Amino acid sequence: MAVMEAVDDSWSECVRIADVVIGREGALADGRYGRERRARFRTWGISPATGDALVRILIVLAVRQQQPSSYGGRALLVEAERALGSYRPHELFAGVPATGVDDADRVHVDALRLLVYSVTGPSMSTLERLLTEARQVLRRVVIDL
Numbered sequence: 014m015a016v017m018e019a020v021d022d023s024w025s026e027c028v029r030i031a032d033v034v035i036g037r038e039g040a041l042a043d044g045r046y047g048r049e050r051r052a053r054f055r056t057w058g059i060s061p062a063t064g065d066a067l068v069r070i071l072i073v074l075a076v077r078q079q080q081p082s083s084y085g086g087r088a089l090l091v092e093a094e095r096a097l098g099s100y101r102p103h104e105l106f107a108g109v110p111a112t113g114v115d116d117a118d119r120v121h122v123d124a125l126r127l128l129v130y131s132v133t134g135p136s137m138s139t140l141e142r143l144l145t146e147a148r149q150v151l152r153r154v155v156i157d158l
């Protein structure tokens, strides 16, 4: 049972890091980046709240792949950004624990899984757009650090 608790703690830490990243990026340029991102979501037919939540989960998944305790600040975010660009999307889900993920996050993880496994048509371009948005958030924060 101790191993499962460690996994849950790790997930919580990745969520915390993603929330800090999103918050920090939101404060840059007087919030312009977030407003522009939400406008893009609208043009893609994604509600801004859902788009932001999916980007946040992509950051959580990328951070989780990097074992946050092994890195500090900027290096962790650089590696997470690289993971979003170099991992095959389905590989990001390897670190999702069976327990310890709140219901809202679980719904967003499942929505991303649907996009990943619907590898043709609009689903794939939506996934690529969300990955690009998540990478941009990480890049902006890395540059600001």
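For the sequence shown, this note's numbering assigns the number 14 to the initial residue and increments by one for each residue that follows. From the three backbone atoms N, C-alpha and C, an ideal C-beta is built for every residue, glycine too. Since the structure is predicted, the reported quantities are computational estimates derived from the model, not experimental observations.
Element boundaries [alpha helix (DSSP H), containing residue i]
i: His121; result: Asp116 to Tyr130
i: Val109; result: Looking at the DSSP string, Val109 is not in any alpha helix (DSSP H), and its letter there is neither H nor E.
i: Pro102; result: No alpha helix (DSSP H) contains Pro102, which DSSP labels as neither H nor E.
Own chain residues within Cβ distance below 6 Å of residue i, not counting five before or after
i: Leu144; result: Leu97
i: Ala15; result: Its pLDDT being 42, under 50, Ala15 is placed unreliably in this model, and the value from its coordinates should be taken loosely. The answer is none, since no qualifying residue turns up.
i: Gly39; result: Gly47
i: Gly64; result: Phe54
From the options, residue whose alpha carbon lies closest to that of residue i
i: Leu105; options: Val155, Asp32 and Leu71; result: Leu71
i: Leu151; options: Arg53, Arg119 and Ile35; result: Ile35
i: Ile156; options: Asp22, Val28, Ser23 and Ala42; result: Ala42
i: Gln78; options: Ala66, Arg55, Phe54 and His103; result: His103
i: Glu94; options: Arg69, Asp118 and Tyr130; result: Arg69
i: Arg119; options: Arg153, Val73 and Glu92; result: Val73
i: Ile30; options: Ala107, Gln80, Arg50 and Ile59; result: Gln80
Residues near residue i in its chain [Cβ-Cβ closer than 8 Å; skip 5 each side]
i: Ser25; result: Gly113
Other residues of its chain near residue i: CB distance less than 7 Å, five sequence neighbours each side excluded
i: Trp57; result: Thr139 and Arg142
i: Leu158; result: Gly86 and Arg87
Burial state of residue i, where buried means 16 or more other Cβ atoms lie within 10 Å
i: Val109; result: buried
i: Glu146; result: buried
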